[in-house]
Structures are given as structure tokens and as C-alpha cells.
């Protein structure tokens, strides 16, 4: 029997947590709630969960501080829950390492779809896609979900890894924002959704002086550049 995916909700809204626990249990998930930042961070670092749902405004640490501390030790997927009008909070959450965000109030089924999309990306690739990619000095191993650049390991969040894999599998040609959104989140990009752009910015920073490996192609999307390197493989 397959065990249900384990979700941790960090939110000080006790009533919301109770409703979500009932909803997710009915859809085959196991959800546990923590009601403040410190206890939520402790739970998240326990290794007992597959994904974290993280509110912004909480006692103790706010959501950004929880995420910052979590990212120091874990790449566990995180979906941030933000107030609908707090566009800056969404951007800050993505910049801090969130995999996705959903504005409050939200439809439970939409949240369920977001969770499903994130967890689906965490499953092992099928054998046909498990080939190690080694392009322009960047090595990506789908079996271990590890990335190295010029021989040095590069730490990445789940969504950063998945964007890089999509770009490297199409190296030399542009991949549109819509393609990336569909691959990562199973939804279309909207004019005001900056999530892909924020994650691309993070990826470029991780390649340091070789940030130009990921090129913006105006009107087309993003392209992983194929170039010759002096690295011996």
C-alpha cells in the first residue's frame, strides 16, 4: 500500500488548518499543521514531510525567515500562501527559494493541483530521461538530481533544478515561458507572473561569471547556450 504524501502547513490560522486537514485527508494526503514560525521550522527540518505550505505573517519567525532558515539545510519543496494584494510578498518568497506561491483566499482544488504539480516533479525520471547531461561545463544528473558547474557541485532548489533540466534538454534553442510554466506548474503564464523570471535570475547567479549560459531570447523565452569549454571530462 502506497503511503500518502505528507504535507506540513505552517500557518497561525487554526480554523483554516482544521478545514485543510479534513480536505487533504479526503484526497489521500496526510497534513499536519504548525501554528508559528519556530515550531514550523522545527517540523520542516525533521525530515518527516514531502512538502511545506508556508504562510507569510506568523508569530515568532515570519514566513520569509522560516524559508531562509529552511533553505540553509533543505531543498524540500515549499509553496507560499500570500494575501492576494501582496505582490511584493510573492516576489520576495520566490527570491527566498519558494517553489511556487498561491494568493489567499484560494480554492482548495487549485492548491491541490499546485501540490500535485510540485510533487510530480520530485518523482524519479523514467529511464529514457535518466541520461546524464553534460553541456558547456554544466553536468546534470537526473538520477541523483544533482548539478555541477566546472566540476563544483551547485546547490539548487527543486524548481531551479527543473528549469535548468528543461533548458539543458533543449540546449541551443529557446524555451518559452509558457513551456516552462506548463512543465513546472501545469498552467499558463500570465503577464504579471514573474515566477519564472525570478528563478532564472537565481540560476544565473549560481553560474557566477558564466551567467550568460542562460540567454534571454526576446519574444521567444530562455535558451541554454552550447559553448566549448576548456574543462576535461
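Residue numbers (my numbering): 7 to 239.
Think of the CB as a built atom: it goes at the ideal place given N, C-alpha and C, for glycine as much as any other residue.
Keep in mind it's a predicted model, so treat the numbers as computed, not measured.
Legend entry - Residue from 202, 210, 223, 219 with nearest C-alpha to residue 97: Out of 202, 210, 223, 219, 202 has the C-alpha closest to the C-alpha of residue 97.
Inset, instruction - State the CB to CB distance for the pair residue 219 and residue 142, rounded to an integer number of angstroms; the pair is presumed to be in contact (CB under 8 Å). - result: 6 Å
Inset, instruction - Quick one: grab the DSSP three-state call for residue 174. - result: Residue 174 falls in the helix class under three-state DSSP.
Inset, instruction - Would you check if the stretch 113-130 and the stretch 176-183 touch, i.e. whether three or more CB-CB distances between them fall below 8 Å? - result: no
Inset, instruction - Using alpha carbons as the reference points, say which of 228, 152, 70 lies closest to residue 139. - result: The residue among 228, 152, 70 with its C-alpha nearest the C-alpha of residue 139 is 152.
Inset, instruction - Check whether the Cβ atoms of residue 65 and residue 43 sit closer than 8 Å, and answer yes or no. - result: In this structure, residue 43 lies closer than 8 Å to residue 65 by Cβ.
Legend entry - Spatial neighbours of residue 72 in its chain, beta-carbon cut-off 7 Å, leaving aside the 5 residues before and after: 16, 43, 46, 47, 60
Legend entry - Cα-Cα separation, residue 11 to residue 69: Their Cα atoms are separated by approximately 22 Å.
Inset, instruction - Inspect the beta-carbon positions of residue 104 and residue 85 and report whether they are closer than 8 Å. - result: yes
Inset, instruction - Give the straight-line distance between the Cα atoms of residue 161 and residue 26, rounded to the nearest whole angstrom. - result: 32 Å
Inset, instruction - Please list, in chain order, all residues of the same chain as residue 149 whose beta carbon is under 6 Å from its beta carbon, the five residues on each side excluded. - result: 136
Legend entry - Supposed close pair residue 83, residue 164 - CB separation, criterion 8 Å: 5 Å
Inset, instruction - Give the DSSP-derived three-state secondary structure of residue 107 in the structure shown. - result: strand
Inset, instruction - Compute the distance between the beta-carbons of residue 146 and residue 171, then report whether it is under 8 Å. - result: yes
Inset, instruction - Given a cut-off of 8 Å, decide if residue 13 and residue 36 are closer than it, judged by their beta-carbon atoms. - result: Taking 8 Å as the Cβ cut-off, residue 36 and residue 13 qualify as a contacting pair.
Inset, instruction - Return helix, strand or coil for residue 227, following the three-state DSSP convention. - result: strand
Legend entry - First and last residue of the uninterrupted alpha helix (DSSP H) at residue 28: 20-32
Inset, instruction - Would you mind stating whether residue 217 and residue 224 have Cβ atoms separated by less than 8 Å? - result: no
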